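To get this note's numbering, take the position in the sequence shown, counting from 1, and add 25. Note that beta-carbon positions come from the ideal geometry of N, C-alpha and C, so glycine has one too. Computed from a predicted structure; not experimentally measured. Reading through the structure tokens given below for one structure.
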Amino acid sequence: MKKEYGNQQVYFVGGGIASLAGAAYLVRDCDFPGQNIHIIEEMKILGGSNDGSGNGEQGYVIRGGRMLNDEAYENLWELLQSIPSIDHPEKSVREEIIEFDNANPTHANARLVNRKGEIEDVLSMGFDMADRLALGKLIITPEDKMGKARINDWFGPHFFQTNFWYMWATTFAFQPWHSAVEFKRYIIRFMHEFPRIQTLEGVTRTPYNQYDSIILPMHKYLEPHGIDFTLKCTVTDLQFKDGDGITVTKMNVLRQGVADVIEVNEGDLVIVTNGSMTEGSSIGSMTKAPLLNGKGSSWKLWENIASKKPGLGNPSSFDDHVDESKWESFTVTFQDSKFFDRMEKFSRNRAGTGALVTFKDSSWFMSIVLAFQPHFRNQPENVTVFWGYGLYPDKVGDFVKKRMSDCTGEEIMEELIGHLHFEESKEEIMASANCIPCMMPYITSQFMPRLNSDRPKVVPEGSTNLAFISQYCEIPDDVVFTEEYSVRAARTAVYTLLGMNRPIEPINQYQYDVRTLFTSFVTSFR
26 MKKEYGNQQV YFVGGGIASL AGAAYLVRDC DFPGQNIHII EEMKILGGSN DGSGNGEQGY
86 VIRGGRMLND EAYENLWELL QSIPSIDHPE KSVREEIIEF DNANPTHANA RLVNRKGEIE
146 DVLSMGFDMA DRLALGKLII TPEDKMGKAR INDWFGPHFF QTNFWYMWAT TFAFQPWHSA
206 VEFKRYIIRF MHEFPRIQTL EGVTRTPYNQ YDSIILPMHK YLEPHGIDFT LKCTVTDLQF
266 KDGDGITVTK MNVLRQGVAD VIEVNEGDLV IVTNGSMTEG SSIGSMTKAP LLNGKGSSWK
326 LWENIASKKP GLGNPSSFDD HVDESKWESF TVTFQDSKFF DRMEKFSRNR AGTGALVTFK
386 DSSWFMSIVL AFQPHFRNQP ENVTVFWGYG LYPDKVGDFV KKRMSDCTGE EIMEELIGHL
446 HFEESKEEIM ASANCIPCMM PYITSQFMPR LNSDRPKVVP EGSTNLAFIS QYCEIPDDVV
506 FTEEYSVRAA RTAVYTLLGM NRPIEPINQY QYDVRTLFTS FVTSFR
């Protein structure tokens, strides 16, 4: 029997993948009228942290690269199975990605590069017995016994010099001072990747950057349903009904700078992206270093509402530690393929098959990845684009004696060329390079040490119409900094608030699979 929704409205705060997924579940699984779904986004474009923009002349920008995983992104793949591809409408986005990935399988031949510019043999994880014991203890210790422990509270100095740490830390962007609980969740969730971390064979690639390959098709899928996309509109606060429960009655917004109020009537739902890992991002250029910005509206909204009601989390654990959550990425656009040709020869990987190349002795702890070309829908034929990042932007470079955060795009390229020992090709590489650096103050804030109560539940206790769908809500056993986390949160929020008794794809429990456990154990002794 079809449910009647009458004049019920659903408001999504934020236009990232979680809100788009939530809207898709509403129209696909709940027969909810599209014109009653509102996605409110501060920026002039949808996609949130899954971005990719620019052109061949001015250069392209991807703030953060996302790696997908075939076995661990259960709800994302289920959703993308029902989103048609833009280029091949008879196929789903999921089928398109599998086809592309099968044609361009990942097998990194140059995962770690040393100070001399030599590719390291990384088959051995490099553990000693103390590392293995600490890892085993971490896996079996319950989260509530770990509290705000950091990774470096758990492991000794030797662990952070192992091949495993160099590879795992740069694949997922972990720092030694990040949460041991989040690290434990990653070890368990991606246990099946542990034996092949040196080749990154488990990485699933999209044909283009994630904006062009995932966000755009989701947007195109939703458009015919009549969904209201309100861009350049910032939600600054929520008002609640008096009393103990949690019921939103009003939303304070700024529409292109003008204050306004949205009345939230009985039965209406408010689904919020609380906090943002790419908020406060700043873009530099070949001649200018990016700035370090502070909190923006997403953090301030969460701070405002968390101060009004218990159970809405503690944003301070995540947004008050910029020095521990920032790093810097850079996107490089060339007008030719000279750097790519050189890099393919060096790494023994065709672009799009090699995943990350990490310079393990780099003081910036720098990594780069050459994607399959073209990486953007509008990319001209002669243009090539790659992405890289440094986990330690406050450290002074090995070739350019400046902190990465103070470097221009040109200086970042110089440092990279130094690590690759490509000096004899420096002039021709630099002749057409356009390196655009991007500083992101909160990019790994979701990994900060936290208590369980610091993240609100997807639907908090006592909530009648409010849910959270972000990297900063709590989903037991799942891992933040993934598209899957956002999509799972959105599905949980929609089904729970609308009382839908439908299954959500369960988390694959690889830690209970005997073969996975055995191969992981053997890997730890490699």
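Per DSSP, Asn477 lies in no alpha helix (DSSP H) segment and is marked neither H nor E. Restricted to the segment 72–123, the alpha helix (DSSP H) segments that are unbroken, complete and at least 4 residues in length are 99–105, listed in chain order. When C-alpha distances from Ala331 are compared across Glu96, Arg551, Leu491 and Ile164, the shortest belongs to Leu491.
With 16 or more other Cβ atoms from the protein chains shown falling within 10 Å of its own Cβ, Gly415 counts as buried.
Here the alpha carbon of Thr469 sits roughly 16 Å from the alpha carbon of Asp479. Across the structure, Gln534 and Pro501 are spaced so that their CA atoms are roughly 13 Å apart. Residue state for Ile287 is assigned as strand, using DSSP reduced to three classes. In the DSSP assignment, Met455 falls within the unbroken alpha helix (DSSP H) covering Lys451 to Ala456. Out of Gln264, Asn100 and Gln60, the CA that lies nearest to the CA of Arg527 is found in Asn100.
Residue state for Gly336 is assigned as coil, using DSSP reduced to three classes.
Cβ-Cβ separation between Gly413 and Phe355: approximately 5 Å, consistent with a contact (criterion under 8 Å). Sorting Val357, Ser387, Phe359 and Thr303 by C-alpha distance to the C-alpha of Val347 places Thr303 at the top.
Here Ile442 is not near Met429, since their CB atoms are 9 Å or more apart. Within the DSSP secondary-structure output, Ser495 pairs in no beta bridge. For Asn234, there is no enclosing beta strand (DSSP E), as DSSP marks it with neither H nor E.
Boundaries of the beta strand (DSSP E) around Glu353: Trp352 to Phe359. In the DSSP secondary-structure assignment, Asn459 is bridged to Thr358. DSSP links Gly413 through a beta bridge to Phe355 and Ile393. Distance between Gln60 and Pro249, taken at the CA atoms: about 10 Å.
Boundaries around Leu294 are those of the beta strand (DSSP E), Leu294 to Val297, since no alpha helix (DSSP H) includes it. Of all alpha-carbon atoms in Asp253, Trp102 and Ile393, the one lying nearest the alpha-carbon of Glu508 is that of Trp102. The Cβ-Cβ distance between Gly81 and Pro462 does not fall below 9 Å.
Residue state for His132 is assigned as coil, using DSSP reduced to three classes.
The C-alpha of Glu96 lies about 34 Å from the C-alpha of Ser307. Between Ile62 and Leu241, the beta carbon gap of about 18 Å keeps them out of contact (Cβ cut-off 8 Å). Ala314 and Gly90 have their C-alpha atoms some 20 Å from each other. The DSSP-derived three-state label of Arg373 is coil. Here Arg157 is near Ser549, since their CB atoms are less than 9 Å apart.
Counting along the chain, no beta strand (DSSP E) covers Met311, and no H or E run does either. For Asn277, the uninterrupted beta strand (DSSP E) run begins and ends at Val273 to Arg280, by DSSP. Rounded to the nearest whole angstrom, the CA to CA distance from Arg230 to His132 is 12 Å.
Separation of Ala159 and Thr166 (C-alpha to C-alpha, rounded to the nearest whole angstrom) is 10 Å. With respect to Leu148, Gln223 sits close: the two C-beta atoms are nearer than 9 Å.
A distance below 7 Å between beta-carbons, with the five flanking residues on each side excluded, links Lys451 to the following residues of its chain, in chain order: Ile442.
In the DSSP annotation of this structure, Phe189 is not part of any beta strand (DSSP E); the continuous alpha helix (DSSP H) holding it starts and ends at Asn188 to Phe197.
Between the beta-carbon of Leu71 and that of Leu45 there is about 7 Å, and that keeps the pair under the 8 Å contact cut.
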